[in-house]
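For any residue, its number in this note's numbering is found by taking its place in the first sequence, counting from 1, and adding 14. Built from N, CA and C at the ideal position, the CB exists for glycine as well. Bear in mind that the values here come from a model prediction, so they are computed numbers and not experimental data. As structure tokens, the structure follows; a few thoughts come after it.
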Amino acid sequence: MTLKTRFAPSPTGYLHVGGARTALFSWLHARHHGGRFVLRIEDTDLERSTAESVNAILEGMTWLGLEYDEGPFYQTHRFDRYNQVIDALLEKGLAYRCSCSKERLEKLREEQMAAKQKPRYDGHCRDRDVSPDEPHVIRFRNPLEGEVEFQDLIRGRIAVSNAELDDLIIRRSDGSPTYNLTVVVDDHDMGITHVIRGDDHINNTPRQINLYQAMGWEVPQFAHVPMILGEDGSRLSKRHGAVSVMQYKEQGYLPEALLNYLVRLGWSHGDQEIFSVDEMIERFDLKDVNRAPSTFNTEKLKWLNQQYIIHGDPARVAHLVSPHMGDLGIDPAQGPDLVEVVKAQRERAATLVELAQISAFYYRDFEQYDEKAAKKAFKGEADQALRAVRERLAALEDWQREPLHQAVTDTVEALGVGFGKVAMPLRVAVTGGSPSPDLDLTLHLVGREATLRRIDRAIEFIQSNR
RNA sequence: GUCCCGUUCAUCUAGAGGCCUAGGAUCCCAGCCUUUCACGCUGGUUACAGGGGUUCGACUCCCCUACGGGACGCCA
Numbered sequence: 015m016t017l018k019t020r021f022a023p024s025p026t027g028y029l030h031v032g033g034a035r036t037a038l039f040s041w042l043h044a045r046h047h048g049g050r051f052v053l054r055i056e057d058t059d060l061e062r063s064t065a066e067s068v069n070a071i072l073e074g075m076t077w078l079g080l081e082y083d084e085g086p087f088y089q090t091h092r093f094d095r096y097n098q099v100i101d102a103l104l105e106k107g108l109a110y111r112c113s114c115s116k117e118r119l120e121k122l123r124e125e126q127m128a129a130k131q132k133p134r135y136d137g138h139c140r141d142r143d144v145s146p147d148e149p150h151v152i153r154f155r156n157p158l159e160g161e162v163e164f165q166d167l168i169r170g171r172i173a174v175s176n177a178e179l180d181d182l183i184i185r186r187s188d189g190s191p192t193y194n195l196t197v198v199v200d201d202h203d204m205g206i207t208h209v210i211r212g213d214d215h216i217n218n219t220p221r222q223i224n225l226y227q228a229m230g231w232e233v234p235q236f237a238h239v240p241m242i243l244g245e246d247g248s249r250l251s252k253r254h255g256a257v258s259v260m261q262y263k264e265q266g267y268l269p270e271a272l273l274n275y276l277v278r279l280g281w282s283h284g285d286q287e288i289f290s291v292d293e294m295i296e297r298f299d300l301k302d303v304n305r306a307p308s309t310f311n312t313e314k315l316k317w318l319n320q321q322y323i324i325h326g327d328p329a330r331v332a333h334l335v336s337p338h339m340g341d342l343g344i345d346p347a348q349g350p351d352l353v354e355v356v357k358a359q360r361e362r363a364a365t366l367v368e369l370a371q372i373s374a375f376y377y378r379d380f381e382q383y384d385e386k387a388a389k390k391a392f393k394g395e396a397d398q399a400l401r402a403v404r405e406r407l408a409a410l411e412d413w414q415r416e417p418l419h420q421a422v423t424d425t426v427e428a429l430g431v432g433f434g435k436v437a438m439p440l441r442v443a444v445t446g447g448s449p450s451p452d453l454d455l456t457l458h459l460v461g462r463e464a465t466l467r468r469i470d471r472a473i474e475f476i477q478s479n480r
């Protein structure tokens, strides 16, 4: 039997980083073993499921490159099959009709809580033989005795006494099936061999195993991955800022950086920090997944993102940064080659958004000088230095790095000052104070026309601010 | 409240009884490099939740306590 894993989100919101990591682990486990990966949309909650959420999830999966071999399957398309299973359970006496009102259930729960007990259904209708004509739900007849035990691939042995489990509802009064039933039917029908999911499902696992056994089906392997917590240690949610995968795209993160960050959250391979997707696939093993929850840390994600910007293919980074330039109203086609700009600027930016911002001056004149930079660079005889260097630059025939550098050093020599006396004002004049690479490279990329224009502007600025 | 799961630097983690005076990474600090800002390099501060056992020896095994998270729904 081929190994098969699945990712089964419910479409009630965007794909968040916690879900994405669960999907990544499932995907890696399948890829590592040459198995198959299934995407299943668990949309049985008709009230809350939306088509927009489905699209958002699909979009996130695509952006991260977590391609699936089967699906997406939709549970709402499989109601006939669920009903068939429920009816079979009913016929075998493994499920029963229950007509308890919500009020009775509510009262029961309150009493149990007051008595310091775990709230659970008391089996009131278990042997009452409720008529199909009465309004009712269907409950699974959970075993009363013994315990359910399984070997979690991440946590080891987990056992729960059947006395802790109640008779769960598998069909609502409106006739729709519920989660614990559908997940078991689907995982069985789709041939899922390894169920990898968040550890908030640990408590559901024993009752699901009872369902498998009632149907006489083989029980899959389970692996429960720990949750991702927000910076304050509570469960990750909207109030922790960006939790949607697509928000990271908007904020200028590369998908491979997010993937790398996520894979190291709860999983490790010795001291290695950077993993290409191929390396992840090769080294991923569920036994190396941590049991404790971890906290999402944006600082480290940023560092990783910068590593990917610095060491990634400049042409690809240029392609990815281009839309962010567009957001600033810049058309990168009008100006220096974006790939060259990326190569010049990349170690100065942690995100593509930052990269776009610090590269804007290559394409258009900046609005104003960075105050601190201007104060430092434009003092003393700065205007004299600028005038002198402008003369030499203007005389240049070839606007290449070597002659540009020569022009600056010649000016320095003629003036008999330190290199910085000329270079600093020149740099600020041309960049406005934005982080920039070697001066000659900066001048080369900015171009002759803009360089001379900005020097003039700086001289004017200095004189009018005296 | 009941049940389940967990607990190594601020954060992500290495560690599978002696290799640990606990290693790496991010962050932070200092220095170097330097025409800005970064990158890079060097160094530094900081952790085995607490208490009992088991053992010649415990971060590693067992128990208890504390703390954190999760579940307890006609949500998934």
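Who are residue i's beta bridge partners in DSSP?
i: T19; result: F51 and H208
i: G326; result: Answer by DSSP bridge pairing: none, since G326 is not bridged.
i: R111; result: I152
i: F87; result: R54
i: A173; result: E163
i: H30; result: S258
With residue i and residue j assumed to form a contact (beta carbons below 8 Å), what rounded beta-carbon distance in angstroms separates them?
i: I242; j: F164; result: Not quite, the Cβ-Cβ distance comes to about 24 Å (not below 8 Å), so this is no contact.
i: L209; j: Q235; result: Contrary to the premise, residue 209 reads as Val rather than Leu in this sequence. The Cβ separation is near 7 Å, so the contact holds.
i: I223; j: I172; result: That pair is no contact at about 10 Å.
i: V403; j: T425; result: 4 Å
i: R50; j: T90; result: Rounded, the Cβ-Cβ distance is 23 Å, inconsistent with contact.
i: L400; j: I469; result: 5 Å
Look at residue i and residue j and say whether their C-beta atoms are less than 8 Å apart.
i: I344; j: S448; result: no
i: R169; j: C139; result: no
i: A70; j: Y28; result: yes
i: H78; j: L273; result: Note that residue 78 is Leu in the sequence shown, not His. Closer than 8 Å, so yes.
i: P191; j: Y88; result: no
i: I323; j: R278; result: no
i: Q320; j: A364; result: yes
i: H325; j: D302; result: no
i: R415; j: D454; result: yes
i: A391; j: P439; result: yes
i: F21; j: L53; result: yes
i: I295; j: L42; result: yes
i: A374; j: L318; result: no
i: E161; j: V174; result: yes
i: M339; j: P346; result: yes
i: S258; j: H30; result: yes
i: L407; j: L466; result: yes
i: A44; j: L80; result: no
Quick one: Cα of residue i to Cα of residue j, how far?
i: K357; j: L366; result: 13 Å
i: F433; j: T423; result: 7 Å
i: A464; j: T312; result: 38 Å
i: D59; j: R378; result: 52 Å
i: Q477; j: D452; result: 27 Å
i: K18; j: A128; result: 45 Å
i: P149; j: V239; result: 39 Å
i: L182; j: D136; result: 11 Å
i: D397; j: A387; result: 15 Å
i: Q126; j: A109; result: 24 Å
i: R471; j: A443; result: 8 Å
i: S187; j: M204; result: 27 Å
i: K154; j: L72; result: Reading off the sequence, residue 154 comes out as Phe, not Lys. Cα to Cα, the separation comes out at about 33 Å.
i: P492; j: E368; result: Any property of residue 492 remains undetermined from this structure, which presents the chain solely from 15 to 480.
i: R35; j: D166; result: 18 Å
i: E105; j: R142; result: 15 Å
i: H202; j: T219; result: 14 Å
i: Q227; j: C114; result: 26 Å
i: G33; j: P133; result: 29 Å
i: Y275; j: K314; result: 8 Å
i: E381; j: N479; result: 17 Å
i: L300; j: D180; result: 31 Å
i: N304; j: R362; result: 34 Å
i: A329; j: E56; result: 39 Å
i: L103; j: A306; result: 38 Å
i: F39; j: L352; result: 36 Å
i: S67; j: G230; result: 35 Å
i: A177; j: D101; result: 25 Å
i: E84; j: D285; result: 35 Å
i: A437; j: G244; result: 46 Å
Q.
In chain order, what are the residue ranges of uninterrupted alpha helix (DSSP H) at least 4 long that sit wholly in the region 243 to 321?
A. 259 to 264, 269 to 277 and 291 to 297
Q | Residue ranges of each alpha helix (DSSP H) within the region 183 to 241, 4 or longer | A | 193 to 203 and 219 to 229
Q. Which runs of the alpha helix (DSSP H) fall wholly inside the region 352 to 396 and span at least 4 residues, in chain order?
A. 352 to 359, 366 to 373 and 385 to 391
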